[in-house]
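*Asks:* Residue numbers (my numbering): 1 to 215.
By construction, the Cβ of each residue, glycine as well, lies at the ideal position given by its N, Cα and C atoms.
#1: Have a look at 169, 130, 69, 79 and flag the residue whose alpha-carbon is nearest the alpha-carbon of residue 32.
#2: I need the straight-line Cα distance from residue 109 to residue 126, nearest angstrom please.
#3: With a threshold of 6 Å on Cβ separation, who are the neighbours of residue 95 within its own chain once the five nearest residues in sequence on each side are excluded?
#4: With a threshold of 9 Å between beta-carbons, can residue 64 be considered close to chain B, or not?
#5: Indicate whether the contact test is met: 3 or more Cβ pairs, each with one atom in the segment 153-162 and one in the segment 71-79, closer than 8 Å.
#6: Report the residue from 173, 107, 135 whose alpha carbon sits nearest the alpha carbon of residue 122.
#7: For a minimum of 4 consecutive residues, which ranges assigned as the alpha helix (DSSP H) are wholly contained in the segment 91-146?
#8: Between the alpha carbons of residue 51 and residue 84, how many angstroms are there, rounded?
#9: Alpha carbon to alpha carbon, how far is residue 117 from residue 151?
#10: By DSSP, does residue 64 sit in helix, in strand, or in coil?
#11: Would you mind reading off the limits of the alpha helix (DSSP H) that contains residue 38?
#12: Taking a contact to mean a Cβ-Cβ separation below 9 Å, would you say residue 36 touches residue 174 in this structure?
#13: So, helix, strand or coil for residue 15, using DSSP?
#14: Tell me the DSSP secondary structure of residue 166 in three-state form.
#15: Can you name, in chain order, every residue of its own chain whose Cβ lies under 6 Å from the Cβ of residue 30, other than the five neighbours on each side?
#16: Measure the Cβ-Cβ separation of residue 148 and residue 43 and say whether it is below 9 Å.
#17: Can you list, in chain order, the residues of its chain with a C-beta nearer than 8 Å to that of residue 97? Leave out the 5 residues immediately preceding and following it.
#18: To the nearest angstrom, how far is the alpha carbon of residue 178 from that of residue 137?
#19: Short of 6 Å in beta carbon distance, which residues of its chain neighbour residue 193, apart from the five on each side in sequence? Order them along the chain.
#20: For residue 144, which residues of its own chain have a beta-carbon under 7 Å away from its beta-carbon, when the five flanking residues on both sides are left out?
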């Protein structure tokens, strides 16, 4: 009988305050859109703080990409949930969102003063910087998630389809195709009742479905 995952206190659980401070730091220093944010999350919580490993983070990102809405918001909410329960999820969302919300409100008040060559030049410069930030995040994640020719081929196929198809359903088609190709070409045999890193598959699956139900 499978025991569903419960976001209760664990040996590696964090306090709500620790989650809030970690995400507040990212909220104040992370620039770019959702894709760039996923790169910041990975650098902070996988490489630096080691709250989870690359495999678990990749699974979480894939799940959140499958759901509608900005993936970075769902990933941040889920990370807070996994580390400190429901209040941790709310703390992560608030800490990461509040700084940009306040800056956006301030920017809205300043918008009338940004007309003319200076305003257009400033806005154009910000757009160029955003492109670089997103490209760096995509490159960092690609190196980890596409370490071999098979997975790199799946990624390139998804890129081509996304560029060719202009329909609003392009992302759904790419996600479904990626799932099928991954199932066919990237299956890793494991011993029954165990996972490659020694964690219980039941608990790991339960954690992902808990995040799915809360997102």
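*Replies:* On the basis of the coordinates in this document:
#1: Numbered from its first residue, the chain shown carries residue 32 at position 32. If you compare the alpha carbons of 169, 130, 69, 79 with that of residue 32, the shortest gap goes to 130.
#2: Position 109 of the chain shown, counting from 1, holds the residue named residue 109. Position 126 of the chain shown, counting from 1, holds the residue named residue 126. Each residue's Cα considered, the two are about 18 Å apart.
#3: Position 95 of the chain shown, counted from the start, is the residue given in the question as residue 95. Cβ neighbours of residue 95 beyond the five flanking positions: 20, 23, 24, 27.
#4: The question asks about chain B, but that chain is absent: this structure has only one protein chain.
#5: Fewer than three beta-carbon pairs drawn from the segment 153-162 and the segment 71-79 are found closer than 8 Å, and the two stretches are therefore not classed as touching.
#6: Residue 122 sits at position 122 when you count from the first residue of the chain shown. The candidate whose alpha carbon is nearest that of residue 122 is 107.
#7: Those alpha helix (DSSP H) runs which fall completely within the segment 91-146 and span 4+ residues are 116-145.
#8: Taking the chain shown and counting its residues from 1, the one referred to as residue 51 is at position 51. Taking the chain shown and counting its residues from 1, the one referred to as residue 84 is at position 84. Between residue 51 and residue 84, the C-alpha separation is close to 12 Å.
#9: Numbered from 1 along the chain shown, position 117 holds the residue referred to as residue 117. Numbered from 1 along the chain shown, position 151 holds the residue referred to as residue 151. In this structure, the straight-line span from the alpha carbon of residue 117 to that of residue 151 is close to 45 Å.
#10: Against the chain shown, residue 64 aligns to sequence position 64. Helix, per DSSP.
#11: Against the chain shown, residue 38 aligns to sequence position 38. Per DSSP, residue 38 belongs to the alpha helix (DSSP H) from 34-41.
#12: As a working mapping, residue 36 is identified with position 36 in the chain shown. As a working mapping, residue 174 is identified with position 174 in the chain shown. The criterion of a C-beta distance shorter than 9 Å is not satisfied by residue 36 and residue 174.
#13: Reading the chain shown from its first residue, position 15 is the one you call residue 15. Note: residue 15 maps to coil in three-state DSSP.
#14: For the purposes of this step, residue 166 is taken as the residue at position 166 of the chain shown. Note: residue 166 maps to coil in three-state DSSP.
#15: Here residue 30 refers to the residue found at position 30 when the chain shown is read from its first residue. Excluding residues within five positions, the ones whose Cβ falls inside 6 Å are 37, 40.
#16: Within the chain shown, the letter at position 148 stands for residue 148. Within the chain shown, the letter at position 43 stands for residue 43. Not closer than 9 Å, so no.
#17: As a working note, residue 97 is residue 97 in the chain shown. Closer than 8 Å at the Cβ level, and outside the excluded window around residue 97, lie 27, 73.
#18: Walking along the chain shown from the start, residue 178 turns up at place 178. Walking along the chain shown from the start, residue 137 turns up at place 137. The alpha-carbon atoms of residue 178 and residue 137 are separated by roughly 20 Å.
#19: The residue you call residue 193 lines up with position 193 of the chain shown. With a pLDDT of 48 at residue 193, under the threshold of 50, the predicted position of this residue should be treated as unreliable, though the coordinate-derived value follows. Excluding residues within five positions, none has a Cβ falling inside 6 Å.
#20: Looking up residue 144 in the chain shown gives position 144. So the list reads 54, once near-sequence residues are dropped.
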